[in-house]
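Enquirer:
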Amino acid sequence: MPLVKVPKPKFMTKLRRFFMADLLQGLRLTLKYNIGAIFDKDSVAGKGIYTEQYPKVRPDVAPRFHGAPRLNMDPETHDTLCIACNLCAIACPEDCIDVLAMDVEIIVAGKPRKKKVLDEFIFDTSRCMFCALCQEACPTSCLELTQDFELATYSRAGFVWNREMLEQGRETVKYTR
Amino acid sequence: MLVFFAPIDFINQLLLKFFSAGTINHVIWPFIQIGLVVTIVAGWVAYATYLERKISAFMQARLGPMRVGPWGLLQPIADGIKLLTKEDFIPEKADRWIFFFAPYIAVAAAFITFSVIPFGPDWAVITDVNIGLLFVLAVSSVGVLALILAGWSSNSKYSLLGALRSSAQMISYEVAMGLSLVGALMFARTLSLSGAVNAQQLDSVWFFVYQPLGFLIFLVSGIAENNRAPFDLPEAESELVAGFHTEYSGFRWSLFFMAEYAAMVIVSAVAVTVYLGGWYFPFVYRLTEAKGYHNLYVIVSLLVFISKLLAILYLYFWLRWTLPRFRYDQLMDIGWKWLIPSALINIVISALAIFVIQALNGWHGIKTIDSLSAGLNLTATGKALMIVMGLAGLGLTGLSLARINWRSRDFNLKSQRRNIRLVNVPKGKPAVAPIAPAASES
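Keeping their order, the protein sequence lines are chains A and R. According to our numbering, the first sequence is numbered sequentially starting from 1. According to our numbering, the second sequence is numbered sequentially starting from 178.
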């Protein structure tokens, strides 16, 4: 009753075994990687070294990557572009956006009118799944998910971004040498 | 060059005012040489870790140490400071004195050996002992004692198991290593390491051409004797935490590390000296010494030696990051069933080859041997014959090993193909009854 069935080796197999061809093949591969790393070019992988020196060199994220939210402002007047229409909050599947608006009396063509103005914008990044449906819903391209990915904070409360953080961007620790 | 060596002559003149010429030549200059070698080797150990980390990183498409200094060049210094300032921890149940002294034995055994290694001609060798090779083998096996003591005194099962493994491994590979050198010694006709280099220089042939098998055996058993991958069973971190130095920390651990890397250098230095011609390189003598630049000759020879050494050391790193670790029984199999028999066969074949060469000398006007003054100097015919016989010996050894180990199952295809028969099982009946299909439940 044979339990181990090893096929009878051909002459070439024996020859390869005798001259340790597989060992040499392995050595060739590691040498190729080593030389490729020195010249940063590798015929196998295309790139010699894959390591990114992260805090020093920022990695390139994919173009469709969604990261930290931002409220865009008018570049000239520095007024917010948000018209407090609440469409983003409605579009959000996670309900992580709260738009708080207030009514402001303005006079249009001699008559007093009420206008909705953005008061506070709460964005809970801990619940956000970065689907960017809010970005698509925004009629004035005010809310935008940027490519910034450093969202970690020390407390759970730190994940809730208010209007100021959304407009100015959050302060992160910059690692320098 | 003259400017470079003027201080040396000046110091010599200064010393002559206080000591006799004999004292200077036999006491003071050796001390300076020893100091230089110890400093350089200690520096090498520090930077070998850097080199190994870099090479391993490059082989895996990584960068390696980059943060300390430009390209991480100050990393070894940072590591050294860390190791020196770490707590020197001794386990409560450890045998304190032996635990104290084991690392020192390891380092001493590794460093003493450097005294006989010829780094270059003339003043680049500390001492030329006429039993140099024997001395290297003897002293480097004292290193095993340190491992056993370290493992035993730690009073920890991992340390003890690691020590047992490494001592068993080092002792069994020491045999193959010593035997593999015998073939080369037949050509060198001396045990002195400088003598081996001189023989190769006179022959203008590196001995690995005559002794391909011996060189291979020496390399493999050298790597195994240094407990380096793929033979790093004693430090197999997945099985034994860190082998014999599990309980060591800080400076004492770094001493073991130093000993390991120094031992690597010694084995590669012996391989270079005996098989790769040591500091001898074609044309160097003719371009420097023959034109009167003696010190330049020594320095160029030193550089040649160092570059050969680095090539062998690169092989260490290269093999480490290519091959996976052997199983323990495979390790012992390679040592006892393959390397030691092949080393013995190598001795026999080399002896036969030399006998044939000597018998052919003067037969029908064939001249094979040039002279026997320093080593076995062969003429061109003799060299060609020797190379052919060396290569034939490789094949002959392979065949005889296959014959010797025809029962060994680990590396032998033929024996793997043999059917495994179960005892007390009738023929033609399956050993395990086939599982009946489960009755359908209704």
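Beta carbons are placed, not taken as given, at the ideal position from N, Cα and C, and that holds for glycine. Quick caveat: nothing in here was measured; it's all calculated off a predicted structure.
Let me see if you follow: with CB-CB separation under 9 Å, is phenylalanine 11 of chain A close to chain R or not?
Expert: Position 11 of the first sequence, counted from the start, is the residue given in the question as residue 11 of chain A. Taking Cβ atoms only, chain R never reaches closer than 9 Å to phenylalanine 11 of chain A, which makes this a no.
Enquirer: Around the Cβ of lysine 231 of chain R, are there at least 16 other Cβ atoms within 10 angstroms (buried) or fewer (exposed)?
Expert: Taking the first residue of the second sequence as 1, we reach residue 231 of chain R at position 54. Buried, because 16 or more other Cβ atoms sit within 10 Å of the Cβ of lysine 231 of chain R.
Enquirer: In or out: lysine 485 of chain R buried (at least 16 other Cβ within 10 Å) or exposed?
Expert: Looking up residue 485 of chain R in the second sequence gives position 308. Classification for lysine 485 of chain R: buried.
Enquirer: Comparing alpha-carbon positions, which option in A:Ser126, A:Ile107 and A:Thr80 lies nearest cysteine 142 of chain A?
Expert: What you label residue 142 of chain A is simply residue 142 of the first sequence in a count that begins at 1. Out of A:Ser126, A:Ile107 and A:Thr80, A:Thr80 has the C-alpha closest to the C-alpha of cysteine 142 of chain A.
Enquirer: For the stretch 25–56 of chain A, which residues have a CB atom closer than 8 Å to at least one CB atom of chain R, in sequence order?
Expert: Flagged, chain order: Gly26, Leu27, Leu29, Thr30, Leu31, Tyr33, Asn34, Gly36, Ala37, Ile38, Asp42, Ala45, Lys47, Gly48, Ile49, Tyr50, Thr51 and Gln53.
Enquirer: Checking the sheet assignment: what are the DSSP bridge partners for phenylalanine 123 of chain A?
Expert: Stepping through the first sequence from its first residue, residue 123 of chain A is reached at position 123. DSSP, once it has assigned bridges, lists A:Ile97 and A:Trp161 as partnering phenylalanine 123 of chain A.
Enquirer: For leucine 87 of chain A, which of A:Glu171, A:His78 and A:Thr140 has the nearest alpha-carbon?
Expert: On the first sequence, residue 87 of chain A is found 87 positions in, with the first residue counted as 1. Answer by Cα proximity: A:Thr140.
Enquirer: Between the alpha carbons of serine 343 of chain R and glycine 328 of chain R, how many angstroms are there, rounded?
Expert: On the second sequence, position 166 is the one that residue 343 of chain R refers to. On the second sequence, position 151 is the one that residue 328 of chain R refers to. Cα-Cα distance, rounded: 10 Å.
Enquirer: I'd like the list of long-range same chain contacts for histidine 133 of chain A, defined as Cβ closer than 7 Å, with 5 residues on each side in sequence excluded.
Expert: Looking up residue 133 of chain A in the first sequence gives position 133. It should be noted that the sequence gives leucine, not histidine, for residue 133 of chain A. Excluding residues within five positions, the ones whose Cβ falls inside 7 Å are Ala91, Cys92 and Pro93.
Enquirer: Would leucine 310 of chain R and leucine 260 of chain R be called neighbours here (beta carbons separated by less than 9 Å)?
Expert: For this step, residue 310 of chain R is matched to residue 133 along the second sequence. For this step, residue 260 of chain R is matched to residue 83 along the second sequence. Not in contact: leucine 310 of chain R and leucine 260 of chain R (Cβ atoms no closer than 9 Å).
Enquirer: According to a CB-to-CB cut-off of less than 8 Å, which residues of the stretch 207–237 of chain R neighbour chain A?
Expert: Within the stretch 207–237 of chain R, the residues whose Cβ lies closer than 8 Å to some Cβ of chain A are Ile232, Ala234, Phe235, Met236 and Gln237, listed in chain order.
Enquirer: Enumerate in chain order the residues of its own chain whose CB-to-CB distance from isoleucine 201 of chain R is below 8 Å, with the five nearest sequence positions on each side excluded.
Expert: Sequence index remark: in the second sequence, residue 201 of chain R carries index 24 (1-based). If we look at isoleucine 201 of chain R and ignore the five residues flanking it on each side, its Cβ neighbours are Asn189, Leu192 and Leu193.
Enquirer: I need the straight-line Cα distance from valine 622 of chain R to alanine 365 of chain R, nearest angstrom please.
Expert: Outside the shown range of chain R (178 to 619) lies residue 622 of chain R, about which nothing can therefore be said.
Enquirer: Thinking C-beta only, is serine 371 of chain R closer than 9 Å to methionine 509 of chain R?
Expert: In the second sequence, counting from the first residue as 1, residue 509 of chain R sits at position 332. In the second sequence, counting from the first residue as 1, residue 371 of chain R sits at position 194. No. Outside cutoff.
Enquirer: Scan the stretch 533–546 of chain R for residues whose Cβ lies nearer than 8 Å to a Cβ of chain A and list them as they occur along the chain.
Expert: Within the stretch 533–546 of chain R, no residue qualifies.
Enquirer: What is the C-beta distance between leucine 555 of chain R and isoleucine 543 of chain R, in whole angstroms, given that I count them as a contact (C-beta under 8 Å)?
Expert: As a first step, residue 555 of chain R is located in the second sequence; it is residue number 378 there, counting from the start. As a first step, residue 543 of chain R is located in the second sequence; it is residue number 366 there, counting from the start. Not confirmed; about 12 Å, so no contact.
Enquirer: Return the CA-CA distance between phenylalanine 458 of chain R and leucine 464 of chain R, expressed in angstroms with no decimal places.
Expert: Within the second sequence, residue 458 of chain R is the residue found at index 281, counting from 1. Within the second sequence, residue 464 of chain R is the residue found at index 287, counting from 1. Approximately 11 Å between the Cα atoms of the pair.
Enquirer: By Cβ distance below 7 Å, which residues in the same chain neighbour methionine 165 of chain A in space, the five residues on each side in sequence not counted?
Expert: Indexing the first sequence from 1 puts residue 165 of chain A at position 165. Here the set comprises nothing.
Enquirer: From serine 333 of chain R to tryptophan 513 of chain R, what distance separates their C-alpha atoms?
Expert: By 1-based counting over the second sequence, the position of residue 333 of chain R is 156. By 1-based counting over the second sequence, the position of residue 513 of chain R is 336. Going by the C-alpha atoms only, they are around 29 Å apart.
Enquirer: Can you give me the C-alpha to C-alpha distance between leucine 390 of chain R and valine 449 of chain R, rounded to a whole angstrom?
Expert: Within the second sequence, residue 390 of chain R is the residue found at index 213, counting from 1. Within the second sequence, residue 449 of chain R is the residue found at index 272, counting from 1. Each residue's Cα considered, the two are about 15 Å apart.
Enquirer: What are the residues that DSSP puts in a beta bridge with methionine 347 of chain R?
Expert: Here residue 347 of chain R corresponds to residue number 170 of the second sequence, with the count starting at 1. In DSSP, methionine 347 of chain R forms no bridge with anything.
Enquirer: Can you give me the start and stop residues for the alpha helix (DSSP H) that proline 207 of chain R sits inside?
Expert: For the purposes of this step, residue 207 of chain R is taken as residue 30 along the second sequence, with counting starting at 1. Here the alpha helix (DSSP H) through proline 207 of chain R covers 206–236.
Enquirer: Output yes if chain A places a C-beta closer than 9 Å to the C-beta of arginine 429 of chain R; else output no.
Expert: Counted from its first residue, the second sequence places residue 429 of chain R at position 252. No, arginine 429 of chain R lies away from the interface with chain A (no Cβ there is under 9 Å from its Cβ).
Enquirer: Let me confirm a value: glutamine 252 of chain R is counted as buried when at least 16 other C-beta atoms fall within 10 Å, else exposed. Which label applies?
Expert: Start at 1 with the first residue of the second sequence, and residue 252 of chain R comes out as number 75. Buried, since its Cβ has 16 or more Cβ neighbours within 10 Å.
Enquirer: Just reading off the alpha helix (DSSP H) that proline 242 of chain R is part of, what are its end residues?
Expert: Position 65 of the second sequence, counted from the first residue, corresponds to residue 242 of chain R. It is not in any alpha helix (DSSP H) - proline 242 of chain R carries neither H nor E in the DSSP assignment.
Enquirer: Ends of the beta strand (DSSP E) at glutamate 136 of chain A?
Expert: The sequence position of residue 136 of chain A within the first sequence is 136, counting from 1. First-last for glutamate 136 of chain A: 133–137, but that is the alpha helix (DSSP H), not the beta strand (DSSP E).
Enquirer: Could you tell me the distance, in whole angstroms, from the CA atom of alanine 401 of chain R to the CA atom of aspartate 124 of chain A?
Expert: In the second sequence, the residue the question calls residue 401 of chain R occupies position 224. In the first sequence, the residue the question calls residue 124 of chain A occupies position 124. Rounded to whole angstroms, alanine 401 of chain R to aspartate 124 of chain A spans 59 Å at the Cα level.
Enquirer: Please classify glutamate 437 of chain R as buried or exposed, where buried requires at least 16 neighbouring CB atoms within 10 angstroms.
Expert: Residue mapping note: residue 437 of chain R aligns to position 260 of the second sequence, counting from 1. Flag for glutamate 437 of chain R reads buried.
Enquirer: Less than 8 Å between C-beta atoms, sequence neighbours within five positions excluded: which residues of the same chain meet that for leucine 479 of chain R?
Expert: Here residue 479 of chain R refers to the residue found at position 302 of the second sequence. Correct list, in chain order: Phe296, Gly297, Ala301 and Trp456.
Enquirer: Give me the Cα-Cα distance between methionine 178 of chain R and phenylalanine 187 of chain R, rounded to the nearest whole angstrom.
Expert: Within the second sequence, residue 178 of chain R is the residue found at index 1, counting from 1. Within the second sequence, residue 187 of chain R is the residue found at index 10, counting from 1. Low local confidence applies: a pLDDT of 45 at methionine 178 of chain R is under 50, so the model's placement there is unreliable, with the coordinate-based value given in what follows. Near 15 Å, if we compare the C-alpha coordinates of phenylalanine 187 of chain R and methionine 178 of chain R.
Enquirer: Taking 9 Å as the threshold (beta carbon to beta carbon), is methionine 243 of chain R in contact with chain A?
Expert: What you label residue 243 of chain R is simply residue 66 of the second sequence in a count that begins at 1. Interface residue, yes.
Enquirer: State the Cα-Cα distance for the pair arginine 502 of chain R and glycine 469 of chain R, rounded to the nearest angstrom.
Expert: The count along the second sequence starts at 1 and reaches residue 502 of chain R at position 325. The count along the second sequence starts at 1 and reaches residue 469 of chain R at position 292. Their Cα atoms are separated by approximately 51 Å.
Enquirer: Taking C-beta pairs closer than 7 Å, name the residues in chain A that tryptophan 498 of chain R reaches, listed in chain order.
Expert: Position 321 of the second sequence, counting from 1, holds the residue named residue 498 of chain R. The contacting residues are Thr30.
Enquirer: Roughly how many whole angstroms lie between the Cα atoms of arginine 273 of chain R and leucine 568 of chain R?
Expert: Locating residue 273 of chain R in the second sequence gives position 96, where the first residue counts as 1. Locating residue 568 of chain R in the second sequence gives position 391, where the first residue counts as 1. The straight-line gap from Cα to Cα measures roughly 53 Å.
Enquirer: Is the beta carbon of leucine 432 of chain R closer than 9 Å to that of valine 284 of chain R?
Expert: Position 107 of the second sequence, counting from 1, holds the residue named residue 284 of chain R. Position 255 of the second sequence, counting from 1, holds the residue named residue 432 of chain R. Yes, Cβ-Cβ distance for valine 284 of chain R and leucine 432 of chain R is below 9 Å.
Enquirer: For leucine 250 of chain R, decide whether its Cβ has a neighbour in chain A, counting only Cβ atoms nearer than 9 Å.
Expert: Mapped onto the second sequence, residue 250 of chain R falls at position 73. Judged by the 9 Å Cβ criterion, leucine 250 of chain R is not in contact with chain A.
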